[in-house]
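Structure first, then comments.
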Amino acid sequence: MNWRLYELPGADVRLTRFCDATEAARWFTRLHEEIPWERHRLRIFGREIDSPRLSCWIGDAEAVYTYSGTRFVPHAWTPALAELRDALLVHAGERCNSVLANLYRDGRDSMGWHSDAEPELGVEPVILSLSFGGVRRFRLRHRRDPRLRLELDLPAGSLLRMAGSTQQFYRHDLPKTARPVAARINLTFRTIHDMLGDRAAHA
Ligand SMILES: O=C(O)CCC(=O)C(=O)O
375 MNWRLYELPG
385 ADVRLTRFCD
395 ATEAARWFTR
405 LHEEIPWERH
415 RLRIFGREID
425 SPRLSCWIGD
435 AEAVYTYSGT
445 RFVPHAWTPA
455 LAELRDALLV
465 HAGERCNSVL
475 ANLYRDGRDS
485 MGWHSDAEPE
495 LGVEPVILSL
505 SFGGVRRFRL
515 RHRRDPRLRL
525 ELDLPAGSLL
535 RMAGSTQQFY
545 RHDLPKTARP
555 VAARINLTFR
565 TIHDMLGDRA
575 AHA
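Numbering-wise, the sequence shown is residues 375 to 577 according to this note's numbering.
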């Protein structure tokens with residue numbers, strides 16, 4: 375794949391085209407129908423709120439993930455998600471065991487500033503992020519130096535890869551927009567490490 379690498383100190387962020395617009399529209403329809411969309415609860419500054427988007431945590435049975443104060447036991451792979459997981463192994467060389475699927479129904483749906491830095495993702499996690507549907511802006515901002523930032527419009531069929539120390543030094547978000555925008559599905563494929571197994575291995 376032909377990756378565009380962005381110059382951002384301490385980060386490893388790349389973008390490529392995964393598929394064309396026609397194929398992206400097909401993926402959108404399948405994913406929209408197949409995924410059992412849920413409203414996740416988030417804990418922010420000690421308060422519980424409904425996440426401003428619909429989501430679903432999917433993966434291998436052992437890929438249990440705790441984020442924003444909630445423990446998620448994975449749903450089983452749907453056919454479309456298993457195909458995409460296998461395609462990412464071929465195209466990006468990563469075998470991911472889980473995916474957080476997100477549905478942004480319109481411009482009011484969003485995701486606040488955060489990093490994907492939970493311990494079960496390991497030290498320098500590789501996150502593969504596929505987008506289908508409406509184009510939305512994705513922003514990255516250094517935790518300490520506000521001059522270090524990047525804004526990308528993620529089109530349907532794009533594949534964003536974050537790796538290395540990106541999660542350690544940067545936060546990312548997907549802001550609301552007042553622009554009329556079509557619904558968007560985003561899939562962030564990840565690898566959850568077996569924490570007990572890892573601990574046992576190092577004992
Ligand atoms: O929707 C996106 O592009 C980003 C999603 C995201 O950052 C997340 O779910 O952790």
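Note that beta-carbon positions come from the ideal geometry of N, C-alpha and C, so glycine has one too.
Measuring alpha carbon to alpha carbon, tell me which of the options ends up nearest residue i.
i           : options            : result
residue 484 : 462, 518, 547, 533 : 547
residue 394 : 560, 545, 505, 535 : 505
residue 447 : 432, 467, 556, 383 : 432
residue 406 : 376, 564, 559, 542 : 559
Determine the direct distance from the alpha carbon of residue j to that of residue i, and round the result to whole angstroms.
i           : j           : result
residue 512 : residue 489 : 13 Å
residue 533 : residue 568 : 26 Å
residue 444 : residue 425 : 12 Å
residue 498 : residue 437 : 17 Å
residue 403 : residue 507 : 9 Å
residue 530 : residue 397 : 9 Å
residue 550 : residue 481 : 5 Å
Where do the N-terminal and C-terminal ends of the beta strand (DSSP E) with residue i fall, by residue?
i           : result
residue 422 : 421 to 424
residue 525 : 523 to 528
residue 414 : Premise fails: residue 414 is in no beta strand (DSSP E) and is neither H nor E.
residue 562 : 558 to 564
So what does DSSP say about residue i, is it helix, strand or coil?
i           : result
residue 406 : helix
residue 395 : helix
residue 553 : coil
residue 400 : helix
From which residue to which residue does the alpha helix (DSSP H) around residue i run?
i           : result
residue 465 : 453 to 466
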